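In full-length UniProt numbering, the protein residues as written are 1 to 324.
Here is the structure:
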């Protein structure tokens with residue numbers, strides 16, 4: 001045997017080795033592919049997890065943002081309600097003083113409004129519906145709706161600080177043909193009646209608010225003292241307005257809506273019936289502050305009663321006041 005034949009691998013054995021090598025290569029390749037897929041899958045999984053986490057985080061942020069927004073809106077609404085409540089409470093205190101003066105005057109039979117001007121009675125029956133201490137968001141719009149339905153015009157003596165917060169209601173009053181009167185800016189008795197200068201400053205401030213809302217050409221049709229001008233100690237304040245040519249008017253009838261809380265509407269109607277008896281010209285004191293819901297309920301009955309008694313309805317201005 002030749003030497004080289006000793007080291008020669010038989011063909012059959014060589015074939016077996018070749019098959020084994022291929023199998024090993026295939027297995028290695030499969031492992032490589034598997035590892036690669038596992039790596040890719042892991043990477044994709046991490047990205048998906050990251051995206052999901054990011055998405056969840058964004059959702060949480062959006063939800064938190066929405067909750068924060070709702071919370072802020074809720075707080076703002078509550079704050080506004082509280083401001084309106086305080087405003088209604090403050091104006092109601094003033095309204096109670098208004099009605100106390102008016103009640104005393106009517107009970108004593110000493111009607112200062114009729115004493116202010118002695119004019120011949122022309123026989124005409126005229127009713128001047130007046131509303132003090134507004135505007136308010138939950139009463140004034142309803143009063144305006146009723147007046148529109150009955151085609152009746154009224155006079156609104158507005159508080160400047162309230163008008164400043166609710167300019168749209170003042171515009172609606174004006175655009176509907178109602179008269180707008182000046183009832184001071186603050187309605188703060190202690191401040192405005194401390195001295196004449198304070199009083200005039202507060203009146204001017206209210207007038208400027210109304211001009212800002214309704215235009216520089218606007219002038220209040222009349223003014224009304226918080227609590228009325230019946231007392232002798234208020235004569236210097238009346239003189240000051242007279243010097244400036246500013247008309248002021250009190251009342252000679254009322255619905256009594258400030259003589260208590262939530263007075264039944266039937267009582268308010270009856271009060272108008274009582275205080276208008278025997279009078280051809282009636283200036284009726286009512287209120288459209290936020291707490292005067294029963295005033296809204298009573299108003300249709302008051303209008304119907306006055307119509308049946310033959311009254312026509314007018315607004316107050318300088319000419320009308322001169323005729324009272």
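C-beta atoms are modelled at their ideal positions from N, C-alpha and C, and glycine is treated no differently. From a predicted model like this one, the values you see are computed outputs, not experimental measurements.
Close beta carbons around residue i, own chain, < 8 Å, minus the five adjacent residues each side
i           : result
residue 141 : 169, 172
residue 118 : For residue 118, the predicted structure reports a pLDDT of 43, less than 50, and the residue's modelled location is therefore unreliable. A value from the coordinates is still provided. Correct list: empty, nothing qualifies.
Check whether residue i and residue j have beta carbons under 9 Å apart
i           : j           : result
residue 178 : residue 163 : no
residue 180 : residue 174 : yes
residue 156 : residue 130 : yes
residue 253 : residue 284 : yes
residue 311 : residue 139 : no
residue 276 : residue 309 : yes
residue 282 : residue 305 : no
residue 278 : residue 267 : no
residue 124 : residue 262 : no
residue 196 : residue 225 : no
residue 143 : residue 295 : yes
residue 287 : residue 133 : yes
residue 136 : residue 240 : no
residue 316 : residue 128 : yes
Span of the beta strand (DSSP E) around residue i
i           : result
residue 285 : 281-287
residue 182 : 179-182
Bridge partner(s) assigned by DSSP for residue i
i           : result
residue 128 : 283
residue 134 : 158
residue 223 : 182, 248
residue 254 : 285
residue 313 : 127
The alpha helix (DSSP H) enclosing residue i, as first and last residue numbers
i           : result
residue 268 : 265-275
residue 301 : 293-308
residue 202 : 196-214
residue 235 : 235-243
residue 191 : 189-192
Other residues of its chain near residue i: CB distance less than 7 Å, five sequence neighbours each side excluded
i           : result
residue 321 : 222, 247, 249
residue 220 : 180, 181, 182, 207, 210
residue 161 : 185, 186
heavy atom of the ligand GDP below 8 Å from residue i C-beta
i           : result
residue 247 : Judged by which ligands are present, the structure shown has none, so any question about the ligand GDP falls away.
Sequence-distant residues of its chain with Cβ nearer than 6 Å to residue i (five each side left out)
i           : result
residue 297 : 265
residue 192 : 184, 198, 199, 202
residue 166 : 135
message: Give the list of continuous alpha helix (DSSP H) stretches no shorter than 4 residues that lie fully inside the region 145-176.
response: Qualifying alpha helix (DSSP H) stretches, in chain order: 160-165, 167-175.
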